[in-house]
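The structure under discussion appears below in the form of structure tokens.
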Amino acid sequence: MSVFAERGIEFATLDDIARTAGFTKGAIYRQFPSKGAFLLALFEQYAAVARAGAGARQAPWFIPLTLQFAAHAMRDPLLKRRFAVVLAEAPDGGTPDGQLLKALGRVLPPAHAAPPRAP
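Heads up: the sequence shown runs through residues 1308 to 1426, numbered per my numbering.
Structural data, given as structure tokens:
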């Protein structure tokens, strides 16, 4: 998770991830056929942490990765739907990370919303 948080979803490579995790890129591709599939699996791990509450969300990667997923969700309808569910289910607890999740839940357009019209 730290590689995506540090480099961003768009710029993190499977080589970077494999090296950090101590695996070969081939080992990752045996489990995940693409970076997109890996990203969805990573999101499921992130979602479990987000739903667990403030104590679990203290990892240094949590807020940067939250912002990365929010930005990526704006362009990916499947991720947007999944992220919206996580945002709705995440406990607030009054902590900065909880407040960020609730704020994103208020401003992230629903996955089924029509895109804004050009002037």
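Each residue gets a CB set at the ideal place from its N, CA and C atoms; glycine is no exception.
Using the Cα positions of residue i and residue j, report the straight-line distance between them to the nearest angstrom.
| i | j | result |
| --- | --- | --- |
| A1395 | F1330 | 35 Å |
| E1351 | D1404 | 18 Å |
| F1339 | R1364 | 26 Å |
| A1421 | A1354 | With a pLDDT of 49 at A1421, under the threshold of 50, the predicted position of this residue should be treated as unreliable, though the coordinate-derived value follows. So the alpha carbons of these two residues sit roughly 25 Å apart. |
| F1390 | R1413 | 12 Å |
| L1347 | R1314 | 17 Å |
| A1328 | R1337 | 15 Å |
Taking Cβ positions, are residue i and residue j nearer each other than 8 Å?
| i | j | result |
| --- | --- | --- |
| K1342 | L1372 | no |
| A1357 | A1397 | yes |
| L1415 | A1380 | yes |
| D1399 | K1409 | yes |
| A1325 | I1316 | no |
Compare the C-alpha of residue i against each of the options and name the closest.
| i | options | result |
| --- | --- | --- |
| F1311 | G1412, A1410, A1378 and L1415 | A1378 |
| S1401 | L1385, A1361 and E1313 | Rather than Ser, the amino acid found at residue 1401 in this sequence is Gly. Comparing Cα-Cα distances from G1401 to each of L1385, A1361 and E1313, the minimum goes to A1361. |
| M1308 | L1407, D1383, G1333 and F1369 | F1369 |
Determine the extent of the alpha helix (DSSP H) in which residue i is found, giving its start and end residues.
| i | result |
| --- | --- |
| G1333 | K1332 to Q1338 |
| T1327 | L1321 to A1328 |
| R1389 | P1384 to E1396 |
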